[in-house]
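Undergrad: Start counting the sequence shown at 1; every next residue gets the next number (full-length UniProt numbering). All residues carry an ideal CB built from backbone N, CA and C; glycine is no exception. All of these numbers come straight from a predicted model, not from anything done at the bench. Okay, handing you the structure first.
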Amino acid sequence: MEAAASEPRLEFGKMEFGCEHYRRRCKIRAPCCGEVFGCRHCHNEATAKTDRHELPRHDVKKVICLVCDTEQLAAKVCSNCGVNMGEYYCDVCKFYDDITEKQQFHCDDCGICRVGGRENYFHCQKCGSCYINDLRDRHLCVENSMKHQCPICCEYLFDSLRETRILDCGHTMHFECFHEMLQHNQYTCPICYKSAINMTSKWRNLDDEVSATIMPEDYRYKVWIFCNDCHETSEIYFHVLGHKCCNCESYNTRTTGAPATQSAL
Numbered sequence: 001m002e003a004a005a006s007e008p009r010l011e012f013g014k015m016e017f018g019c020e021h022y023r024r025r026c027k028i029r030a031p032c033c034g035e036v037f038g039c040r041h042c043h044n045e046a047t048a049k050t051d052r053h054e055l056p057r058h059d060v061k062k063v064i065c066l067v068c069d070t071e072q073l074a075a076k077v078c079s080n081c082g083v084n085m086g087e088y089y090c091d092v093c094k095f096y097d098d099i100t101e102k103q104q105f106h107c108d109d110c111g112i113c114r115v116g117g118r119e120n121y122f123h124c125q126k127c128g129s130c131y132i133n134d135l136r137d138r139h140l141c142v143e144n145s146m147k148h149q150c151p152i153c154c155e156y157l158f159d160s161l162r163e164t165r166i167l168d169c170g171h172t173m174h175f176e177c178f179h180e181m182l183q184h185n186q187y188t189c190p191i192c193y194k195s196a197i198n199m200t201s202k203w204r205n206l207d208d209e210v211s212a213t214i215m216p217e218d219y220r221y222k223v224w225i226f227c228n229d230c231h232e233t234s235e236i237y238f239h240v241l242g243h244k245c246c247n248c249e250s251y252n253t254r255t256t257g258a259p260a261t262q263s264a265l
């Protein structure tokens, strides 16, 4: 009977409070500057304009209940009025959220909370992050690939709120940044320069254009090229439209010097 009677109190105010980032029934006191914010993102955005510093989620110790305005040590249930300050609560991250449809879960290996349902993700130890199950044994591992800035917008990827994309080369960037890159006709990874998408059809079109464009006699000479996709070196005839790799037939190449063995001949 007592548990049933307390249930309405736990639910009181659900979805009625929060900030632009989360629906929750508490604010946090930042231990770094002593100020009160809706969440750590609110703190980071506010300090970015003045004294720029970020709030590590694990450092939060005190919260203020938005229902009764009581400041207290971080916990799921308010010590004064008895409401859930967050329907989802992580005691490690001191993270609160009333929208449980996100399927939040804490990953011990990442050390932070993720969304999407624990059963739908696995943690790649080499990459150092959680990936969707479809990528298990189907992605190229790059050590700590998520613990870097997005090569397009420079936001730190590991704890970004935005969806990320893993390229075939193993490097990562924001999903929206990836599509913006493609819209600007940039089809290679900004980090390693490998092709970011399947370029087979584009290479075939370029084959036709090269065949249809006869170079003048003065430009019929050979050059050495390096392929960004397979990392092989080839000697081919120069063409103004592009240079095709003799190994993987990619046009994602650049001119280079002759190999050392060739230079010595």
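1) Within the chosen definition, does the segment 85-101 reach the segment 117-129 through at least 3 CB pairs nearer than 8 angstroms?
2) Are there three or more Cβ pairs, one per stretch, closer than 8 angstroms when the segment 147-160 is compared with the segment 117-124?
3) Helix, strand or coil: which one does DSSP assign to HIS148?
4) Taking the beta strand (DSSP E) that PHE95 belongs to, which residues open and close that run?
5) Compare the C-beta of MET199 against all C-beta atoms of chain B and say whether one is closer than 9 angstroms.
6) Out of LEU135, CYS230, CYS42, ILE197, state which residue places its alpha-carbon closest to the alpha-carbon of ASN247.
7) Is the CB-CB distance between GLY86 and ARG24 below 9 angstroms?
8) Less than 7 angstroms between C-beta atoms, sequence neighbours within five positions excluded: which residues of the same chain meet that for HIS106?
9) Just to confirm my understanding: we take MET181, look at its own chain, exclude 5 residues before and 5 after, and list those with CB closer than 7 angstroms. What are they?
10) How big is the Cα-Cα spacing for ILE99 and GLU71?
11) Using beta-carbon positions only, say whether ALA212 and CYS169 come within less than 9 angstroms of one another.
TA: So, to answer that:
1) no
2) no
3) Residue numbering aside, residue 148 sits at position 148 when the sequence shown is read from its first letter. Residue state, collapsed to three classes: coil.
4) Translated into the one-based positions of the sequence shown, residue 95 becomes position 95. Per DSSP, PHE95 belongs to the beta strand (DSSP E) from 95-97.
5) The chain inventory of the structure shown lacks chain B, comprising one protein chain alone.
6) On the sequence shown, position 247 is the one that residue 247 refers to. Nearest C-alpha to ASN247: CYS230.
7) Along the sequence shown, read from residue 1 onward, the residue named residue 86 stands at position 86. Along the sequence shown, read from residue 1 onward, the residue named residue 24 stands at position 24. A contact, by the Cβ cut-off of 9 angstroms.
8) Residue numbering aside, residue 106 sits at position 106 when the sequence shown is read from its first letter. Contacts found: CYS90, VAL92, CYS93, CYS113.
9) In the sequence shown, counting from the first residue as 1, residue 181 sits at position 181. Closer than 7 angstroms at the Cβ level, and outside the excluded window around MET181, lie ILE152.
10) As a working mapping, residue 99 is identified with position 99 in the sequence shown. As a working mapping, residue 71 is identified with position 71 in the sequence shown. So the two alpha carbons sit approximately 23 angstroms from each other.
11) Start at 1 with the first residue of the sequence shown, and residue 212 comes out as number 212. Start at 1 with the first residue of the sequence shown, and residue 169 comes out as number 169. No, they are not a contact pair.
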